[in-house]
Amino acid sequence: MLTLPLLGRALYALVASRPSIRHYLGRSFTATPPQALIDYAHATSHQPGAHHAPLHFLSTLLFTRKARERLYGRLTDLPVLVIADRDPYIDFAALPGFIANHPNWRSEPLAPHLGLPHWERPEATIAALDTFWASA
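Sequence positions in the sequence shown follow the numbering used here and run -18 to 117.
Following this line, the structure appears as structure tokens:
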């Protein structure tokens, strides 16, 4: 359906509308999403070719299967900081065990946030990064 010219463009226009963007960003904030982020998302979603992004997302080709083992588990020599509290799209249940087996990894919750701490808690994010890099 999304590849049909008229229907696909109409559905994309609905998903890329400011109210839709505000709704979905609202799932990733404990408070109201910043207007600047909504404006940025709206502007980028109206660039040439942007209407192809949902098709790639829905195809699941943007996601790495077994990412914990294939990607993250291979990061053993570099210092890694994970800033994670709650997220409507990701489950962090395995994070404590993963970090326990990877001494170069650290985790900071910076609670409360829902996946975008650099937008929701920028000062705390910068402080956590400064502390992490000073100790790395």
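Each residue gets a CB set at the ideal place from its N, CA and C atoms; glycine is no exception.
Restricted to the segment 50 to 83, the alpha helix (DSSP H) segments that are unbroken, complete and at least 4 residues in length are 76 to 81, listed in chain order. For Ser1, there is no enclosing beta strand (DSSP E); the enclosing alpha helix (DSSP H) has its first and last residue at -1 to 7.
Around the beta carbon of Ile107, fewer than 16 other beta carbons lie within 10 angstroms, which makes this residue exposed. Excluding five sequence positions before and after Leu62, the CB atoms of its chain that fall closer than 6 Å to its own CB belong to Arg87, Phe113, given in chain order. Arg102 counts as buried, since no fewer than 16 other beta carbons sit within 10 angstroms of its beta carbon.
For the pair Thr13 and Leu95, the CB atoms are not nearer than the 7 Å cut-off. Sixteen is the threshold: when 16 or more other Cβ atoms of the shown chains lie within 10 Å of the Cβ of Pro98, as they do, the residue is buried.
Distance from the CA of His83 to the CA of Leu76, rounded to the nearest whole angstrom, comes to 10 Å. DSSP places Arg(-10) in the helix class (H, G or I) of the three-state scheme. Between His23 and Ile2, the C-beta spacing is below 7 Å.
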